[in-house]
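Each residue of the sequence shown is one higher than the one before, starting from 1 at the first, in full-length UniProt numbering.
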Amino acid sequence: MTQSPLQLTFEVGMMATMSAFVLAFGSAYFMHHRQFKGKRLLETIFLLPLILPPTVIGLYALIILGNNGIGGFLPITILFTKQANVIASALAAFPLIYQTIRLGLKQLDAEWYEAGRVLGGSERQLFTYVTIPLLLPALTSGFVLGFARSIGEFGITMMIAGNIPGETMTLATAIYMATINGDMTQALIWSGWLVGLAFLVLWLSERYGKRQY
């Protein structure tokens with residue numbers, strides 16, 4: 001089934017952000033509560049996509065997902081499919097979500113946990129009734145910022161998903177294709193949709209991400 005760049009961008013953005021959010025939350029929570037050898041190195045690896053060119057990340061993803069990597073052992077082809085779109089956007093969104101949640105965890109007041117333990121709360125209850133409510137602004141901001149990053153992903157996408165019309169062409173890659181083909185009107189239309197989506201998610205982040213609990 002063919003999809004328009006707008007439809008594919010939104011669908012891939014949601015799938016990628018949800019996947020990256022689950023991984024980022026679990027990773028940030030684990031890293032916050034555990035001390036082990038190599039922790040700083042692992043955290044550096046988590047944040048590398050923030051500073052490395054997307055094409056570099058895409059190159060490594062291409063090698064890993066290719067026939068000479070794990071892709072050679074899978075019964076399905078991932079490269080240059082919608083699944084590759086999702087992976088590309090998730091790789092781009094993960095460090096933003098991770099960093100936002102990690103900073104949120106660092107700001108939690110230990111007195112809330114001490115009070116909860118004095119009242120007989122279990123670790124599961126503290127997580128449910130203390131950590132999650134207090135961390136909700138950071139969780140919201142992380143998700144929204146991750147989505148904003150995922151819908152604008154270009155470099156990694158071009159490396160592992162390509163720019164196949166109706167299959168892997170997102171708004172970002174459609175803008176590129178329209179521009180090199182000299183169709184500036186279409187490029188501006190796609191750009192308008194992307195700006196509108198980005199504006200909406202950033203507004204939601206400002207509106208709900210800073211709420212105090």
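Where a beta carbon is used, it is the ideal one built from N, C-alpha and C, also for glycine.
By the C-beta density criterion, W203 is exposed, having fewer than 16 other C-beta atoms within 10 angstroms. According to the DSSP assignment, M31 belongs to the alpha helix (DSSP H) that extends over 5-33.
V130 and V201 have their alpha carbons spaced roughly 27 Å apart. In this structure, K106 is the residue among P5, I180, K106 with its C-alpha nearest to the C-alpha of L134. The beta-carbon separation of I156 and A93, rounded to 11 Å, does not stay under the 8 Å limit for a contact. Close CB contacts of Q186 within its chain, under the 7 Å cut and outside five residues either way in sequence, are with A178 (chain order). For the 7 Å CB-CB criterion, M169 and P54 do not form a contact. Counting only the Cα atoms, A115 lies some 45 Å from N85.
A contact between stretches requires three or more CB pairs, one per stretch, nearer than 8 Å, and the segment 7-16 meets this requirement with the segment 142-159. Taking the C-beta atoms as reference points, L171 is found no nearer than 7 Å to T2.
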